[in-house]
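I have placed the structure first, in the form of structure tokens, so that the comments after it can refer back to it.
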Amino acid sequence: MRKPMMAGNWKMNKTFSEAQELAKAINGAVEPYNNVDRVICPSFVALPGVAWALSGGELLLGAQNVHWAESGAYTGEVSISMLKGMVTHVIIGHSERRQYFGETDEGVNKKARALLAAGMTPIICCGETLEQNQAGETSSFVSGQVKAALASMSGDDVVKCVLAYEPIWAIGTGLAATAQQAQDICGGVVRAAVAADFGSAVAEQVVVLYGGSTNEKNITEIMQQPDIDGALIGGAALKVEAYASMVQQTSELYK
Ligand code: PGA
């Protein structure tokens, strides 16, 4: 059975000290629910402080990006070995990184494979724009992103990845996909793309998240969908009560 995950993407929010305070508050609020993987992803700068503030707690820590190279002349970038030991998960290919920072499918694939080689979990994002959605291109575009991200991997590697479907039109807009729309793409496109390239046994094991305006009000309906194993949460992950409630509701569904 796939373990559900509530992953909080804090994006470019919270100072060094604010991040520690928020992490401690979340840690206290969600501690009893250990049948759900709870991952929080603060900024690079905040990571060491949050790691220290959480030591001994049950929250998992993630980063929002990484470079694939071991080290070298890549000004402003952060390597896997700099993160290793501090984080277990790394979000890669978020639509904001693709849109504003030129991240490509090829780069996402390099990052994913480098993370797996280091024993870390890539949270690989995919998702279409509003224009692509309205033009009926969602399936082909998202399927292409998933296949490109997983290219040259073994099935054993693929099951260690987390895939996050985030329609761009739903991110930060308050306009989440309906639970049925999210299910249709998470199952019929994302998991189906994995099945097409790696077989259904691999596809059945891979954790698939939905992201885009999830909150404490819509999470239960979303998590009731058979192909949705969790959420990648932006805005609501910065609110202690909202995030704790989302973890609790998920925990209840998986009892
Ligand atoms: P949102 O962001 O929950 O604020 O829509 C989701 C994300 O970008 O991961």
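Per the numbering used here, the very first residue in the sequence shown carries number 9; after that it's consecutive.
For every residue, glycine included, the Cβ atom is placed at its ideal position computed from N, Cα and C.
Predicted, not measured: the structure shown is a model, and the values here were computed from it.
In the structure shown, Tyr262 falls within a coil segment according to DSSP collapsed to helix, strand and coil.
With fewer than 16 other beta carbons inside 10 angstroms of its own, Pro234 counts as exposed. For Ala15, there is no enclosing alpha helix (DSSP H); the enclosing beta strand (DSSP E) covers residues 13–17.
In this structure, Leu217 lies away from Gly243, with their beta-carbon atoms at least 7 angstroms apart. Just so you know, the alpha carbons of Gly70 and Val47 end up roughly 6 angstroms apart. Counting along the chain, Arg10 sits inside no beta strand (DSSP E), nor does DSSP assign it H or E at all. Short of 7 angstroms from the beta carbon of Gly135, and not among the five residues preceding or following it, lie these beta carbons of its own chain, in chain order: Ser103, Val150, Tyr173, Glu174, Pro175, Ile176. Cβ atoms of Ser89 and His75 stay farther apart than 8 angstroms, at about 10 angstroms. Distances from the CB of Ile241 to the heavy atoms of ligand 1 include at least one below 6 angstroms.
Taken atom to atom, the span from the alpha-carbon of Pro12 to that of Thr258 is near 7 angstroms.
Residue range 88–91 is occupied by the alpha helix (DSSP H) that includes Ile88. Residue nearest to Ile236 within the set Gln189, Ala245, Ser208 is Gln189 (criterion: CA-CA distance). Given a length threshold of 3 residues, each whole run of the beta strand (DSSP E) inside the region 158–204 is given here in chain order: 170–173. Within the chosen limit of 6 angstroms, ligand 1 reaches the beta carbon of Ser221 through at least one heavy atom. Between Gly16 and the set Ala81, His97, Glu85, Asn43, the nearest pair of CA atoms involves His97. When only Cα atoms are considered, Leu91 and Glu111 end up about 20 angstroms apart.
Non-local beta-carbon contacts of Arg10 in its own chain, meaning distances under 6 angstroms to residues more than five positions away in sequence, involve Val215, Asp237 in chain order. In the structure shown, Gly243 falls within a helical segment according to DSSP collapsed to helix, strand and coil.
At least one heavy atom of ligand 1 lies closer than 6 angstroms to the C-beta of Gly180. When rounded, the separation of the alpha-carbon atoms in Ile241 and Phe206 is 28 angstroms. Nearest in C-alpha terms to Ile34, of all of Gln256, Leu261, Lys263, Lys225, is Gln256. Taken through DSSP and simplified to helix, strand or coil, Ile230 comes out as helix. In this structure, DSSP gives Asp45 an extended state, which the three-state scheme calls strand.
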